[in-house]
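Chemist: Right, I'll just put the structure down here and ask away after.
In the working numbering, the protein residues as written are 707 to 1019.
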């Protein structure tokens, strides 16, 4: 499908839609799936794995976080499918040994390690594709500048154009070279900014998946090339549209800094988190002896998403 960015974001913000960006060859391919079609998608992935040994669809469903919407036998069946797919990632000798001696079932920690390995490989491929795309855009800009240089040279040869010229027109090649260098510098900066935002978003997303409330300290622990001042300045300058924050009004020191969440995570899970926060805050409101920390946390989350979704109406 030839979706533009707005269409993709609209789909991603729909709480009934699961999505994942998967590297395929030289481009990132967006995959979307309505939650109602989750069971047929799992069945199709199983048939493809059974018949052809291809596990791409299993990986796509894993990246979408399909297991979060399954329970009971459905969850066990999907985990079995993931087991088969991840088992193929083991080194050849270990895979053969375990196949021969009945150790085909992966333990939970093995599955977690292999999933993380697969996710890292996906992230590396995404970074490679983004760099390639940046180089392509740079090449197009250079070609446009060179085309402009050629047209400027033709114009200089016309008698009517031979008037008093400024110093900059006397050296069109120099001007174009400066433009190319500036464009190259901007593209390199944009690429580095995008890479860092993706790293920060990944750290925050994984923390929210673990039901943690990450703040700047959490990010700094996982990004050794940033110090606190550098991270704050970076987020102020480049992260305003990508990383959102809100405060929990509670005396516990762990809430001294704002809680951080990525825009993509809000698009994927915001409605669910909003609903859960409302339910939990209401429970505490109705309780005879409410838990003050839980009340403060879920009220803060409820207020934050309430403002976010009010703006999107």
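We put the beta carbon where it would ideally sit given N, CA and C, even for glycine.
1) For the beta strand (DSSP E) that contains residue 739, what are its first and last residues?
2) Taking buried to mean at least 16 other C-beta atoms within 10 Å of its own C-beta, is residue 936 buried or exposed?
3) Looking at residue 820: is its Cβ nearer than 7 Å to the Cβ of residue 802?
4) Of all the options 946, 959, 847, which has the alpha carbon lying nearest to the alpha carbon of residue 968?
5) Here's the rule: buried if 16 or more other CB atoms are within 10 angstroms of the residue's CB, otherwise exposed. What is residue 868?
6) For residue 740 versus residue 722, is the C-beta spacing smaller than 7 Å?
7) Pull up the distance between the alpha-carbon of residue 757 and that of residue 814, whole angstroms please.
8) One question on the structure: do residue 1020 and residue 987 come within less than 7 Å of each other, judged by their Cβ atoms?
9) I want to know whether the stretch 922 to 933 touches the stretch 979 to 996 - three or more CB-CB distances under 8 Å.
10) Determine which residues share a DSSP beta bridge with residue 723 and list them.
11) Looking at C-alpha atoms only, which residue of 812, 1002, 775 is the closest neighbour of residue 1033?
12) Looking only at its chain, what residues have a beta carbon closer than 8 Å to the beta carbon of residue 781, apart from the 5 residues adjacent to it on each side?
13) Curious, which full-length alpha helix (DSSP H) runs of at least 4 residues does the stretch 920 to 1004 contain?
14) If you run the structure through DSSP and keep just helix, strand and coil, what is residue 767?
15) Give the DSSP-derived three-state secondary structure of residue 797 in the structure shown.
16) Roughly how many angstroms separate the alpha carbons of residue 917 and residue 770, rounded to a whole number?
Modeler: Result, derived from the coordinates:
1) As a working mapping, residue 739 is identified with position 33 in the chain shown. Here the beta strand (DSSP E) through residue 739 covers 733 to 740.
2) Here residue 936 corresponds to residue number 230 of the chain shown, with the count starting at 1. Result: exposed.
3) Position 114 of the chain shown, counted from the start, is the residue given in the question as residue 820. Position 96 of the chain shown, counted from the start, is the residue given in the question as residue 802. It is not a contact, given that the beta carbons lie outside the stated cut-off.
4) Your numbering for residue 968 matches position 262 in the chain shown. Closest option to residue 968, Cα to Cα, is 946.
5) Position 162 of the chain shown holds residue 868. In this prediction, residue 868 has a pLDDT of 45, which is less than 50 and means its spatial position is unreliable; what the coordinates show is noted afterwards. It counts as exposed.
6) As a working mapping, residue 740 is identified with position 34 in the chain shown. As a working mapping, residue 722 is identified with position 16 in the chain shown. Yes. Within cutoff.
7) Counted from its first residue, the chain shown places residue 757 at position 51. Counted from its first residue, the chain shown places residue 814 at position 108. Within the model, the alpha-carbon separation for residue 757 versus residue 814 is close to 26 Å.
8) Absent from the model: residue 1020. The displayed extent of the chain is 707 to 1019, so no value can be given.
9) no
10) Residue 723 sits at position 17 when you count from the first residue of the chain shown. Its beta-bridge partners are 740.
11) For residue 1033 there is no data in the structure shown, the boundaries of the chain being 707 and 1019.
12) Position 75 of the chain shown, counted from the start, is the residue given in the question as residue 781. Contacts found: 773.
13) Within the stretch 920 to 1004, the complete alpha helix (DSSP H) runs of at least 4 residues are 922 to 928, 934 to 944, 969 to 992.
14) Numbered from 1 along the chain shown, position 61 holds the residue referred to as residue 767. Three-state result, residue 767: helix.
15) Residue mapping note: residue 797 aligns to position 91 of the chain shown, counting from 1. Residue state, collapsed to three classes: coil.
16) Position 211 of the chain shown, counted from the first residue, corresponds to residue 917. Position 64 of the chain shown, counted from the first residue, corresponds to residue 770. Cα-Cα distance, rounded: 17 Å.
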